[in-house]
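Note sheet for the following structure.
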Amino acid sequence: MKTRAAVAFEAKKPLEIVELDLEGPKTGEVLVEIKATGICHTDAYTLDGLDSEGIFPSILGHEGAGIVREIGAGVTSVAVGDHVIPLYTPECRQCKSCLSRKTNLCTAIRATQGKGLMPDGTSRFSYKGKPVAHYMGCSTFSNFTVLPEIALAKIRKDAPFESACYIGCGVTTGVGAVTNTAKVEPGANVIVFGLGGIGLNVIQGAKLVGANMIVGVDINPAREEWGKKFGMTHFVNPKSITGDIVAHLVELTGGGADYTFDCTGNTTVMRQALESCHRGWGESIIIGVAEAGKEIATRPFQLVTGRVWKGTAFGGARGRTDVPKIVDWYMDKKIQIDPMITHKLPLERINEAFDLMHKGESIRSVVVY
Ligand code: NAD
Ligand code: AHE
Ligand code: ZN
1 MKTRAAVAFE AKKPLEIVEL DLEGPKTGEV LVEIKATGIC HTDAYTLDGL
51 DSEGIFPSIL GHEGAGIVRE IGAGVTSVAV GDHVIPLYTP ECRQCKSCLS
101 RKTNLCTAIR ATQGKGLMPD GTSRFSYKGK PVAHYMGCST FSNFTVLPEI
151 ALAKIRKDAP FESACYIGCG VTTGVGAVTN TAKVEPGANV IVFGLGGIGL
201 NVIQGAKLVG ANMIVGVDIN PAREEWGKKF GMTHFVNPKS ITGDIVAHLV
251 ELTGGGADYT FDCTGNTTVM RQALESCHRG WGESIIIGVA EAGKEIATRP
301 FQLVTGRVWK GTAFGGARGR TDVPKIVDWY MDKKIQIDPM ITHKLPLERI
351 NEAFDLMHKG ESIRSVVVY
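Note that full-length UniProt numbering has the sequence shown beginning at 1, numbered continuously upward.
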């Protein structure tokens with residue numbers, strides 16, 4: 001069949017809207033009509049050529065929601081007509097990682113996914129007879145896409161696609177980093193670095209679990225109002241303070257935070273986040289994705305004296321199990337999504353979404369097909 005998609009032909013070049021060929025689902029695979037997709041900073045990072053796994057040409061996008069249109073042989077967990085969210089972290093429930101119960105990082109298809117291929121080692125997309133790579137196993141910047149059934153969370157049909165798509169990455173990552181990875185307890189003091197599409201969800205997650213101080217740190221002053229909307233109690237703009245940001249935050253939190261979160265992808269900020277933790281027990285969670293070649297550093301003394309450095313992918317969520325529950329939280333108004341979706345655009349205008357993100361003018365842009 002044919003599908004309309006925004007293709008990343010080259011790094012640092014705008015996406016091009018073209019019609020591609022899409023092969024139908026093979027054994028264990030599912031054809032999904034994507035109804036809406038968010039644009040996450042990770043898509044921009046890959047498009048900007050900063051991803052060591054970046055492949056061109058490819059179809060980016062990993063924050064979608066849609067409808068099952070066809071199932072391949074052997075598919076049992078979803079049926080035609082089901083509403084689904086594609087999962088860049090699948091959940092096979094059979095691999096060593098899934099069975100360990102210690103991680104959400106299912107390894108069933110990670111190797112081929114990282115090469116832009118389906119589990120059988122081929123791509124379903126082609127343009128003018130040449131293969132085009134999948135991205136993060138999702139490729140939601142295509143109106144139709146094919147995924148393995150283990151990479152689909154079935155969700156309730158009354159959830160609007162234009163909001164539910166954000167649960168495919170940003171919402172689950174931010175809220176899950178608080179509830180699954182850090183396990184923030186009521187009364188804890190929290191610092192969130194970077195108040196974009198992920199950081200604001202960390203803030204709402206911290207509020208949800210009853211954190212005490214929720215300090216937001218961002219170099220964009222407009223983010224102060226945004227943080228307050230979702231539960232931030234204090235805002236710090238590193239550009240507006242005199243002296244060292246870490247010393248400032250340690251003083252503000254009475255000795256350092258119980259939990260800090262990096263939602264910037266900047267390795268200097270990651271160090272600040274670790275060192276703003278309380279001596280003896282503070283935990284810092286890296287969410288941000290740093291560009292290829294970057295490394296983190298701190299004095300080992302920071303860890304010797306009890307601070308803990310952790311990371312999280314997809315908020316530690318096991319997608320097929322947890323994503324439908326997060327959709328329920330949204331539908332039950334336990335968490336907010338709609339105010340964070342600042343822009344809705346047709347696919348033809350997807351490049352504007354990247355410009356808005358780079359200018360700091362959007363929280364989340366969503367393409368509606
Ligand atoms: P975003 O562009 O919406 O937000 C980034 C925010 O960080 C902006 O508000 C920006 O002003 C702020 N910022 C930038 N530099 C800063 C600095 N030096 N100090 C303080 N604030 C600074 O991006 P997003 O979509 O929220 O994504 C955030 C990061 O999380 C990206 O690196 C993205 O790739 C990553 N991410 C990781 C996961 C995961 O599973 N680990 C999931 C989604 C996104
Ligand atoms: N490809 C990059 C790593 C990118 C990365 O860390 N991705 C996160 C999700 S970001 C979503 O917006 C992730 O899930 N990581 C775990 C995994 O298995 O990819 C690189 O550095 O090569
Ligand atoms: Zn993302």
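We put the beta carbon where it would ideally sit given N, CA and C, even for glycine.
| query | Using the beta-carbon count (16 or more within 10 Å), is N212 buried or exposed? | reply | exposed
| task | Could I get the ranges of all uninterrupted alpha helix (DSSP H) runs contained in the segment 137-170, with 4 residues as the minimum, in chain order? | result | 161-164
| For T42, is the beta carbon positioned less than 6 Å from some heavy atom of ligand 2? | Yes, since a heavy atom of ligand 2 falls inside the 6 Å radius drawn around the Cβ of T42.
| field | The alpha helix (DSSP H) enclosing R320, as first and last residue numbers | value | Counting along the chain, the alpha helix (DSSP H) containing R320 begins and ends at 319-331.
| query | Of all the beta strand (DSSP E) runs that stay within the bounds of the segment 55-90, which reach a length of 3 or more residues? | reply | Under the rule that a run must span 3 or more residues, the beta strand (DSSP E) segments found entirely inside the segment 55-90 read 63-71, 83-86.
| request: Go ahead and label L47 buried or exposed: buried means 16 or more other beta carbons lie within 10 angstroms of its beta carbon, across all protein chains shown. | output: buried
| task | Within the same chain, show all residues whose beta-carbon is closer than 6 Å to that of E10, passing over the 5 residues directly before and after it, in chain order. | result | F56
| task | Using 6 Å as the cut-off, classify the Cβ of C169 as near or not near the heavy atoms of ligand 3, replying yes or no. | result | yes
| Near M1, which residues of its chain fall below 6 Å by C-beta distance, leaving aside the five closest residues on each side in sequence? | Same-chain partners within the cutoff: L22.
| message | Out of G216, G306, N237, which one is the CA nearest neighbour of K228? | response | G216
| According to the neighbour-count rule (16 or more other Cβ atoms, all chains shown, within 10 Å of its Cβ), is L31 buried or exposed? | buried
| query | Where do the N-terminal and C-terminal ends of the beta strand (DSSP E) with Q21 fall, by residue? | reply | Sequence check: residue 21 is Asp here, not Gln. Element bounds for D21: 16-22.
| message | Using 7 Å as the threshold, is the C-beta distance between T37 and E63 below it? | response | yes
| message | Please classify Q272 as buried or exposed, where buried requires at least 16 other C-beta atoms within 10 Å of its C-beta. | response | buried
| request: Determine the closest residue to A177 out of V209, R349, D158, I245, with distance taken between C-alpha atoms. | output: V209
| field | Range covered by the beta strand (DSSP E) that runs through K183 | value | Looking at the DSSP string, K183 is not in any beta strand (DSSP E), and its letter there is neither H nor E.
| Where does R349 fall in DSSP's three states? | helix
| query | From which residue to which residue does the alpha helix (DSSP H) around E283 run? | reply | Element bounds for E283: not the alpha helix (DSSP H) but the beta strand (DSSP E), 283-286.
| request: Leaving out five residues on either side along the sequence, give the residues of the same chain with a beta carbon under 7 Å from the beta carbon of G319. | output: L87, T89, P90, E91, A153
| Cα-Cα separation, I241 to H134 | Per the coordinates, the alpha-carbon of I241 lies some 44 Å from the alpha-carbon of H134.
| Neighbourhood of K344 by C-beta, 6 Å cutoff - its chain only, sequence neighbours within 5 removed | Same-chain partners within the cutoff: V366, V368.
| request: Using only the heavy atoms of ligand 2, determine whether one of them is closer than 6 Å to the beta carbon of E53. | output: Yes, the beta carbon of E53 sits closer than 6 Å to at least one heavy atom of ligand 2.
| query | Among the residues of its own chain, which have a CB less than 6 Å from the CB of T267, if the five just before and after it don't count? | reply | A290, K294, I296
| query | Would DSSP call K334 helix, strand or coil? | reply | coil
| Can you name the residues that DSSP bridges to V30? | I71, L147
| query | Rounded to whole angstroms, how far is the Cβ of A206 from the Cβ of I214, which I believe are closer than 8 Å? | reply | 5 Å
| said: For T107, tell me which candidate among T342, K115, C95, P300 has the shortest Cα-Cα distance. | reply: When the alpha-carbon of T107 is set against those of T342, K115, C95, P300, the nearest one is in C95.
| Is the closest heavy atom of ligand 2 to the C-beta of A313 under 6 Å? | yes
| task | Say yes only if the C-beta of V175 is nearer than 6 Å to one or more non-hydrogen atoms of ligand 2, and no if none qualify. | result | no
| said: Here's the rule: buried if 16 or more other CB atoms are within 10 angstroms of the residue's CB, otherwise exposed. What is V84? | reply: buried
| task | Measure the beta-carbon distance from G81 to E29 and round it to whole angstroms, keeping in mind my assumption that it falls under 8 Å. | result | At roughly 17 Å, the Cβ-Cβ gap does not stay under 8 Å, so G81 and E29 are not in contact.
| Is it right to say P186 is buried, meaning 16 or more other beta carbons lie within 10 angstroms of its own, or is it exposed? | exposed
| What does I214 pair with, by DSSP beta-bridge criteria? | Answer is V190.
| field | Bridge partner(s) assigned by DSSP for I363 | value | None, per the DSSP bridge assignment.
| How should S100 be labelled, buried or exposed, when 16 other C-beta atoms within 10 angstroms of its C-beta is the threshold for buried? | exposed
| request: May I ask whether a heavy atom of ligand 1 can be found less than 6 Å away from the beta carbon of Y45? | output: Between ligand 1 and Y45, a heavy atom-to-CB distance of less than 6 Å is present.
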